[in-house]
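For reference, the structure discussed in these notes is given below.
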Amino acid sequence: MSARNDDICDVPGISVGHDTLLDAGTGCTVILPEGSALGAVDVRGGAPATRETDLLSPLCFMREVHAVLLAGGSAFGLDAATGVMRELERRGVGYDAGPARVPIVPTAALFDLGVGSSAVRPDAESGARAVLAATHGPVQQGSVGAGTGATVGKQGGPSLAVKGGIGSASTVLPDGHILGVLVAVNALGDIYDETTGHIVAGARSPNGHGWLAEDLAGTRFDAGSVSLSGTNTTLAVIATDAPWSKSDLAKLAQMANTGLARAIRPVHTPMDGDIVFALSTAHDTVHEEAQGGWPFALTIAGALAAQTLARAVVKAVYAATSLYNVPALHDLSANNK
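Numbered according to my numbering, the sequence shown spans residues 6 to 342.
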């Protein structure tokens, strides 16, 4: 069962801000907990562009996350985290390191340099604007923020791709806690609706009718026709108000990542930087052995997180708009769908 707005801001204390550089085809998206959150991460792609993700390991002592930033612009876009840190520091938010409060802002970037201007990327000013734009929802979805230049279905090359973007969804856990997801979908693979098993969006057939994957069904796949280099990466954030430990959140992120595999085919390729962050906004974290029903409750939460993430991926392509000659799903003719 989805919560109020069916987006990540249904989780109490979570706000989301976008900075959209529409003319350049890029942008960034910040997910802000109220005060701080506990965090973890699961990295599956072979080419991640990240900053401060090591701190999320259960082996590291840091127990505060003050924002998660998703950015376009490939590794250049990681600069936007500096602006997020500056704005949070101005607000007095950060880890108390003695001489200064240091905002902890794990960041990941996707490759969108082939859409719009490759010379313009999210920078510190862009990150600061995203923080200033943050609201408690409903979340704007589609071709905004980190999803502005996102595309999907690139197995036939960029000329046959379809627009990706930002998607978000939420669900109510059996114990009444809320779990929400936000995803920036920029995938090499096609997008599938797991409830039907059918392609929703992907590489278009060169003949203008249907999808390339349907043309290739039952034939030998020509790997030489695929342009893999630097076009991909899907980034997601799972947030919940359930009081999980840091190691629990690492497992939650890992289980949630299977939602990408349900909705994106192929996924986690050597040229993708696919990442799922997991956050808990609970400030009354209970030791896992003391939690009623653990680990069964975590198993259910992970299964629902994967399901919710898969649904958010589909929502992203439905909400996207056409940009720089890359058509959105709703602008394709009936023959192309």
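Virtual Cβ for every residue (Gly too), placed ideally from N, Cα, C.
Between G50 and G278 a beta carbon distance of about 4 Å is seen, short of the 8 Å cut, so the two are scored as contacting.
Of the candidates S79, V107 and D253, the residue whose Cα lies closest to the Cα of E92 is V107. Sequence-distant Cβ neighbours of F81 in its own chain, meaning closer than 7 Å and more than five residues away, are R126.
In this structure, N191 is the residue among N191, Q145 and G142 with its C-alpha nearest to the C-alpha of P163. The stretch 38 to 58 and the stretch 246 to 266 touch, with no fewer than 3 CB-CB distances between them shorter than 8 Å. Its chain contains T156, A166 and K168 as the residues whose beta carbon lies nearer than 6 Å to that of V331, once the 5 sequence neighbours on both sides are disregarded; these appear in chain order.
Each of L193, L328, K159 and D84 was checked against the Cα of A113, and the nearest Cα belongs to D84. Excluding sequence positions up to five before and after T313, its CB lies within less than 6 Å of the CB of A174, T176 and V186, all in the same chain and listed in chain order. Residue burial annotation: A310 is buried, with at least 16 other C-beta atoms found within 10 angstroms of its C-beta. The DSSP-derived three-state label of A45 is strand. In the three-state DSSP reduction, S148 falls in the coil class, being neither helix nor strand.
Note on A105: under 16 other CB atoms within 10 angstroms of its CB, so exposed under the neighbour-count rule. Pairing A72 with C33 gives a Cβ-Cβ distance that is not under 8 Å. Shown here, A29 sits in coil according to DSSP, grouped into three states, outside any helix or strand.
About 7 Å separates the CB atoms of A138 and D24; that is less than 8 Å, so the two are in contact. Under the criterion of beta carbons closer than 8 Å, V144 and C65 do not qualify as touching, at roughly 29 Å. Distances from the alpha-carbon of M67 to those of T263, P211, Y100 and R96 put Y100 closest.
Cα atoms of A321 and P63: separation of roughly 31 Å, rounded to the nearest angstrom. Residue pairing for I13: DSSP places it in no beta bridge.
For F282, DSSP records a beta bridge to V46 and V242.
T286 and P38 do touch by the CB rule: their CB atoms are close to 5 Å apart, below 8 Å. One Cα belongs to H288, the other to G18, and the distance between them is close to 11 Å. Secondary structure note for T87: its alpha helix (DSSP H) is the uninterrupted segment A85 to R95.
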